[in-house]
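Colleague:
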Amino acid sequence: MRVALNLQDNLLKKVEEISGENVFACYQCGKCSAGCPMVAEMDLLPNQVIRFLQIGAGEAVLEKRTIWLCASCFTCAARCPKGVNLARMMEGVRVTILRQSNADQVTPPEMVKEPLPQIALISALRKFTT
Amino acid sequence: MEIAYFPGCTLKTTAKSFETSALAIAESLGLDIKELPEWTCCGTVYSLAEDDLMKQLGPIRTLARAEGLGYSTLTTLCSMCYNTLVQAKQFVAGDSVRLQKINNFMEEESDYTGTVEIKHFLTLLMELGLDRLKEAVQRDLAGRKIACYYGCLLLRPESASIDDCEQPQILEQLMQALGAEPVFFPYQVECCGSYLTAVKPDIVARRAYRILENARENGAEAIITSCPLCSFNLKDRQKNIKAIYPGFKDIPVYYFTEIMSEALGITKTVENS
Ligand code: SF4
Ligand code: SF4
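Protein sequences appear in the order of chains A and B.
Under numbering that gives the first Met the number 0, the very last position in the first sequence is 129; numbers go up by exactly one each time.
Under numbering that gives the first Met the number 0, the very last position in the second sequence is 272; numbers go up by exactly one each time.
#1: Identify, in the order they occur along the chain, each residue of the same chain with its Cβ nearer than 8 Å to the Cβ of residue 127 of chain B, setting aside the five sequence neighbours on each side.
#2: Give the straight-line distance between the Cα atoms of residue 103 of chain A and residue 128 of chain A, rounded to the nearest whole angstrom.
#3: Just to make sure I have the definition right: I need the residues of chain B whose C-beta is within less than 7 Å of the C-beta of residue 73 of chain A. Which are they?
#4: Would you check if the segment 169-179 of chain B and the segment 52-67 of chain A touch, i.e. whether three or more CB-CB distances between them fall below 8 Å?
#5: Leaving out five residues on either side along the sequence, give the residues of the same chain with a beta carbon under 6 Å from the beta carbon of residue 271 of chain B.
#6: When DSSP labels each residue in this structure, what does residue 272 of chain B get in the three-state scheme?
#7: Which chain A residues are close to residue 9 of chain B, counting only those with a beta carbon under 7 Å from its beta carbon?
#8: May I ask which residues mark the beginning and end of the beta strand (DSSP E) holding residue 73 of chain B?
#9: Is the beta carbon of residue 260 of chain B less than 7 Å from the beta carbon of residue 78 of chain B?
#10: Bridge partners of residue 252 of chain B, per DSSP?
#11: Between residue 123 of chain A and residue 105 of chain A, which are expected to be in contact by the criterion C-beta below 8 Å, what is the C-beta distance as a whole number of angstroms?
#12: Please classify residue 216 of chain B: is it buried, with 16 or more other beta-carbons within 10 angstroms of its beta-carbon, or exposed?
#13: Using CA atoms only, rank isn't needed, just tell me which of B:218, B:32, B:14, B:236 is closest to residue 145 of chain B.
#14: Please name the residue, chosen from B:141, B:59, B:12, B:228, that lies closest to residue 258 of chain B on a Cα-to-Cα basis.
#15: Let me make sure I understand the geometry here. Which of A:84, A:66, A:113 has the alpha-carbon closest to that of residue 30 of chain A?
#16: Taking the alpha helix (DSSP H) that residue 229 of chain B belongs to, which residues open and close that run?
#17: Consult DSSP for residue 48 of chain B and reduce its assignment to one of helix, strand or coil.
#18: Identify the contact partners of residue 126 of chain A in chain B, using a Cβ-Cβ distance below 8 Å as the criterion.
#19: Skipping 5 residues on each side, what residues in its chain have a beta carbon closer than 8 Å to that of residue 208 of chain B?
#20: Residues of chain A with a CB under 8 Å from the CB of residue 97 of chain B: which are they?
#21: Within the chosen definition, does the segment 159-167 of chain B reach the segment 55-63 of chain B through at least 3 CB pairs nearer than 8 Å?
#22: To the nearest angstrom, report how far apart residue 139 of chain B and residue 172 of chain B are at their CA atoms.
#23: In whole angstroms, what is the alpha-carbon distance linking residue 132 of chain A and residue 116 of chain A?
#24: Mapping DSSP to helix, strand and coil, what is residue 15 of chain A?
#25: Is the shortest distance between the beta-carbon of residue 87 of chain B and the beta-carbons of chain A less than 7 Å?
#26: What do you get for residue 12 of chain B, buried or exposed, if any count of 16 or more other CB atoms within 10 angstroms of its CB means buried?
#27: Does the Cβ of residue 32 of chain A have 16 or more other Cβ atoms within 10 Å, making it buried, or fewer, making it exposed?
#28: Once the 5 residues before and after residue 125 of chain B are set aside, which same chain residues still bring their CB inside 7 Å of it?
#29: Could you give the residue range of the alpha helix (DSSP H) that holds residue 75 of chain A?
#30: Would a check of beta-carbon distances place residue 31 of chain B closer than 7 Å to chain A?
#31: Using CA coordinates, which residue listed in A:20, A:11, A:46 is at the minimum distance from residue 58 of chain A?
#32: On the CB-based measure, 16 or more other CB atoms within 10 Å of its CB, does residue 51 of chain A come out buried or exposed?
#33: For residue 126 of chain A, which three-state DSSP category applies?
#34: Going by DSSP in three states, residue 144 of chain B sits in which element: helix, strand or coil?
#35: Sort out for me which residues DSSP pairs residue 63 of chain A with in a bridge.
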């Protein structure tokens, strides 16, 4: 994949501010991706999300499915040898997109039409809408 | 000592059998738990944005109410409520500026000071002691091979965990005390796909398939959980699984309290719950 580097990447700053995490604490061991339950469905590995942010190519992360497929399960956070909470960074990227675009990523008509438990509906709306 | 009970929205609807069985167990074991008279949604999933205090109001309001009524302990059944309340409590602990802002916003409540302790119902059972649970058994579950599924939010992040993050034992110990045979099941802590079920049911069905097949390969005849969302994904998504993997055979999924109330002789059988 070709990416344009932007060393004044303010996405990086925003994600750090929103997540309270240090993107550069990650040393790319890949343990997060090895244990991520959603990785088979993703188009970018979780550690690659961080890598792109580190090299100032955060833009490349924005169009990927990965950040919307993260289920906030905290497996990565519990296993990271560097104490990085990747789940928070995923949320940082999601929240940045939601705030900048001011557009919901899913609308109720697009949601599954069957009797879902409330916790499924409310969680999805909390994660995918502004 | 009376303990406040926060049900959360799903326990009143799709997970009604979870609440009914748990309350019956609490009563029969002499646990004094009482539903909070006024409660609001906790937000279901913890907000990870440091700068968004609004999303912390739901869980903190519930804690403030419990505290205002003089409770020192609050219990939950739903894993998601448990996790959201614990992480919200941690979010304001030791940050008086944040706490002040949130309290200012909830003028109508008494100030939250951070004293109320949050304990999952499983923790309360463990505190009663396994011997006490064994004594209460009426119908031994001998021969029942059960896979104990924890999922995410009882165990992660570590600061919110009710047990060891990778090798939890609480549910297995509970099942053993009831005479059942917990099976070793490596997928016990693997996420089921959670709320993605509302937008990507196929992805969740593929996740659930792997979890259920792993339980079955290890000899389980049923699976237990404490999360209404895990329950939905593992149980109700079995119809989606069959559409993707036609050879898939159903496997029953229960709340741990359903199996437990059967053992304590409170309900006849979980089959028709
Ligand atoms: S486990 Fe931690 S250090 Fe390793 S790649 Fe993932 S975030 Fe980076
Ligand atoms: S929190 Fe997200 S990125 Fe981390 S392991 Fe879970 S699904 Fe994967």
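Built from N, CA and C at the ideal position, the CB exists for glycine as well.
Modeller: Reading off the structure:
#1: By 1-based counting over the second sequence, the position of residue 127 of chain B is 128. 28, 30.
#2: Counting from 1 along the first sequence, the entry for residue 103 of chain A is found at position 104. Counting from 1 along the first sequence, the entry for residue 128 of chain A is found at position 129. The straight-line gap from Cα to Cα measures roughly 4 Å.
#3: Walking along the first sequence from the start, residue 73 of chain A turns up at place 74. 151, 155, 156, listed in chain order.
#4: no
#5: If you number the second sequence from 1, residue 271 of chain B lands on position 272. The pLDDT assigned to residue 271 of chain B is 45, lower than 50, so where the model puts this residue is not dependable; a value taken from the coordinates is nonetheless given after this. No residues qualify anywhere along the chain.
#6: The residue labelled residue 272 of chain B in the question sits at position 273 within the second sequence. Interpretation of residue 272 of chain B is limited by its pLDDT of 44, a score under 50 that renders its predicted location unreliable; the figure taken from the coordinates is listed afterwards. It is coil, neither helix nor strand.
#7: Here residue 9 of chain B corresponds to residue number 10 of the second sequence, with the count starting at 1. The answer, in chain order, is 116, 117, 118.
#8: Along the second sequence, one-based indexing puts residue 73 of chain B at 74. Counting along the chain, the beta strand (DSSP E) containing residue 73 of chain B begins and ends at 72-75.
#9: As a first step, residue 260 of chain B must be located in the second sequence, where it is residue number 261. As a first step, residue 78 of chain B must be located in the second sequence, where it is residue number 79. No, Cβ-Cβ distance for residue 260 of chain B and residue 78 of chain B is not below 7 Å.
#10: What you label residue 252 of chain B is simply residue 253 of the second sequence in a count that begins at 1. The partner list for residue 252 of chain B (beta bridge, DSSP) reads B:222.
#11: Here residue 123 of chain A refers to the residue found at position 124 when the first sequence is read from its first residue. Here residue 105 of chain A refers to the residue found at position 106 when the first sequence is read from its first residue. Rounded, the Cβ-Cβ distance is 7 Å, consistent with contact.
#12: By 1-based counting over the second sequence, the position of residue 216 of chain B is 217. By the neighbour-count rule (16 or more Cβ atoms within 10 Å), residue 216 of chain B is not buried but exposed.
#13: Taking the first residue of the second sequence as 1, we reach residue 145 of chain B at position 146. Selected option, being the one with the closest Cα: B:218.
#14: What you label residue 258 of chain B is simply residue 259 of the second sequence in a count that begins at 1. Out of B:141, B:59, B:12, B:228, B:141 has the C-alpha closest to the C-alpha of residue 258 of chain B.
#15: Indexing the first sequence from 1 puts residue 30 of chain A at position 31. With distances taken between Cα atoms, residue 30 of chain A lies closest to A:84.
#16: By one-based count along the second sequence, residue 229 of chain B stands at place 230. Element bounds for residue 229 of chain B: 227-230.
#17: Here residue 48 of chain B refers to the residue found at position 49 of the second sequence. DSSP places residue 48 of chain B in coil when its eight states are reduced to three.
#18: The residue labelled residue 126 of chain A in the question sits at position 127 within the first sequence. Those are 44, 194, listed as they occur along chain B.
#19: By 1-based counting over the second sequence, the position of residue 208 of chain B is 209. Within the same chain, residue 208 of chain B has close Cβ partners 240, 243, 244, 247.
#20: Taking the second sequence and counting its residues from 1, the one referred to as residue 97 of chain B is at position 98. Neighbours of residue 97 of chain B on chain A: none; closest Cβ ~12 Å, over 8 Å.
#21: no
#22: Working through the second sequence from its first residue, we reach residue 139 of chain B at position 140. Working through the second sequence from its first residue, we reach residue 172 of chain B at position 173. Going by the C-alpha atoms only, they are around 14 Å apart.
#23: Lying outside 0 to 129, the shown extent of chain A, residue 132 of chain A is not represented and no answer is given.
#24: To locate residue 15 of chain A, count along the first sequence from 1; it is residue 16. It is helical.
#25: Position 88 of the second sequence holds residue 87 of chain B. It does not: the Cβ of residue 87 of chain B has no partner Cβ on chain A nearer than 7 Å.
#26: Reading the second sequence from its first residue, position 13 is the one you call residue 12 of chain B. The residue in question, residue 12 of chain B, is exposed, as its Cβ has fewer than 16 Cβ neighbours within 10 Å.
#27: As a working mapping, residue 32 of chain A is identified with position 33 in the first sequence. Buried is the call here.
#28: Residue 125 of chain B sits at position 126 when you count from the first residue of the second sequence. Closer than 7 Å at the Cβ level, and outside the excluded window around residue 125 of chain B, lie 169.
#29: Translated into positions along the first sequence, residue 75 of chain A becomes position 76. Segment 74-78, the alpha helix (DSSP H) holding residue 75 of chain A.
#30: Mapped onto the second sequence, residue 31 of chain B falls at position 32. Not one chain A Cβ lies under 7 Å of residue 31 of chain B.
#31: Translated into the one-based positions of the first sequence, residue 58 of chain A becomes position 59. Minimum Cα distance to residue 58 of chain A is reached at A:11.
#32: Counted from its first residue, the first sequence places residue 51 of chain A at position 52. Classification for residue 51 of chain A: buried.
#33: Along the first sequence, one-based indexing puts residue 126 of chain A at 127. Residue 126 of chain A falls in the helix class under three-state DSSP.
#34: Here residue 144 of chain B corresponds to residue number 145 of the second sequence, with the count starting at 1. In the structure shown, residue 144 of chain B sits in a strand (DSSP, three-state: E or B).
#35: Locating residue 63 of chain A in the first sequence gives position 64, counting from the first residue. Per DSSP, none; premise fails for residue 63 of chain A.
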